[in-house]
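Student: Just passing along the structure, written as structure tokens.
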Amino acid sequence: MLRMSSVALLALVAALTGCASLNTVDSDVSTYSQWPAERKPTTYAFERLPSQQARPQEQGELEAMARPALATAGFTEVADAKAADVTVQVGARITRTDHPVYDDPFWWRGGLYYSRWGRPFWGPSFSMTYDSPRYDREVALLIRDRQSNQALYEARATDDGLTVGGPQLLAALFLAAMKDFPHSGVNPRRVSVQLPPK
Numbered sequence: 205m206l207r208m209s210s211v212a213l214l215a216l217v218a219a220l221t222g223c224a225s226l227n228t229v230d231s232d233v234s235t236y237s238q239w240p241a242e243r244k245p246t247t248y249a250f251e252r253l254p255s256q257q258a259r260p261q262e263q264g265e266l267e268a269m270a271r272p273a274l275a276t277a278g279f280t281e282v283a284d285a286k287a288a289d290v291t292v293q294v295g296a297r298i299t300r301t302d303h304p305v306y307d308d309p310f311w312w313r314g315g316l317y318y319s320r321w322g323r324p325f326w327g328p329s330f331s332m333t334y335d336s337p338r339y340d341r342e343v344a345l346l347i348r349d350r351q352s353n354q355a356l357y358e359a360r361a362t363d364d365g366l367t368v369g370g371p372q373l374l375a376a377l378f379l380a381a382m383k384d385f386p387h388s389g390v391n392p393r394r395v396s397v398q399l400p401p402k
């Protein structure tokens with residue numbers, strides 16, 4: 205009976221560990237900090253580049269994904285940019301890379317074949333194969349002192365996979381980018397975070 209309970213317990217631990225790993229996002233993070241040691245995170249307002257102002261809805265959605273990461277680092281958003289201690293610019297990109305068979309210099313791999321008369325011969329194989337596309341995902345965040353406009357903290361987080369991802373994944377990348385705030389470190393470095401709730 206004790207043996208069966210131990211097996212069941214091990215199975216439960218393995219299942220929970222598996223579930224936790226499915227909710228973990230591993231990304232490569234690079235940070236560059238000029239944040240003064242005595243300065244505490246206080247208030248911020250988002251700043252938009254002209255190209256971002258041209259797409260307000262899309263940029264608003266991206267800023268919503270970055271808010272939890274900024275809150276976790278100790279920042280509070282204010283509506284009036286003139287009242288903010290710092291301004292924050294955020295950006296993201298997702299790049300699809302296809303790997304058609306023609307990218308492989310040996311795409312017409314050879315093989316041993318038999319003719320209809322039963323004689324073996326070596327010849328090219330023209331069977332077409334296609335690898336799944338890969339998606340490179342990256343978020344970037346820049347914090348500036350509002351009064352002096354000095355860049356104080358820059359962070360980037362990247363990962364890749366077989367899907368585009370989505371808002372939850374980009375939010376996790378922002379969390380990874382801000383995880384070590386206000387410190388820098390070895391660039392790039394591997395950072396693991398949990399997917400935020402939907």
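With this note's numbering applied, the sequence shown covers 205 to 402. Virtual Cβ for every residue (Gly too), placed ideally from N, Cα, C.
Along the chain, where does the alpha helix (DSSP H) containing Arg271 start, and where does it finish?
Tutor: Start and end: 260-276.
Student: Across the region 265-277 and the region 227-243, are there enough close Cβ pairs to call them in contact, namely three or more that are closer than 8 Å?
Tutor: The region 265-277 vs the region 227-243: no contact.
Student: Only counting the same chain, and skipping five residues up and downstream in sequence, which positions put a Cβ closer than 6 Å to that of Leu379?
Tutor: Result list for Leu379: Ala273, Val397, in chain order.
Student: When the distance is taken between beta carbons, is Asp363 closer than 7 Å to Arg341?
Tutor: Yes; because the gap between Cβ atoms is below 7 Å, this pair is in contact.
Student: State the Cα-Cα distance for the pair Gln372 and Thr291, rounded to the nearest angstrom.
Tutor: Taking the straight line from one Cα to the other gives about 23 Å.
Student: The alpha helix (DSSP H) with Ala173 in it runs from where to where?
Tutor: For the chain, the structure presents residues 205 to 402; residue 173 sits outside this window and is missing.
Student: Terminal residues of the continuous beta strand (DSSP E) containing Ala359?
Tutor: From DSSP, the beta strand (DSSP E) with Ala359 extends over 355-365.
Student: In the DSSP assignment, find the unbroken beta strand (DSSP E) run with Gln398 in it and report its ends.
Tutor: Looking at the DSSP string, the run of the beta strand (DSSP E) that includes Gln398 is 393-398.
Student: Under the three-state reduction of DSSP, which class applies to Gln257: helix, strand or coil?
Tutor: Helix.
Student: Measuring only the C-alpha atoms, how far is Gln256 from Ala241?
Tutor: When rounded, the distance between both Cα atoms is 32 Å.
Student: List the residues that DSSP assigns as beta-bridge partners of Gly295.
Tutor: Its beta-bridge partners are Ala344.
Student: Near His387, what residues of its chain come up, given a Cβ to Cβ distance below 7 Å and the 5 sequence neighbours on each side ignored?
Tutor: Closer than 7 Å at the Cβ level, and outside the excluded window around His387, lie Ser237.
Student: Does the structure place the region 355-362 close enough to the region 252-271 that three or more beta carbon pairs sit under 8 Å?
Tutor: No, the region 252-271 does not touch the region 355-362.
Student: Suppose you measure from the CA of Ser336 to the CA of Leu377; what does that come to, to the nearest Å?
Tutor: Cα-Cα distance, rounded: 23 Å.
Student: What are the residues that DSSP puts in a beta bridge with Val229?
Tutor: In the DSSP output, where bridge partners are listed per residue, Val229 has Val397.
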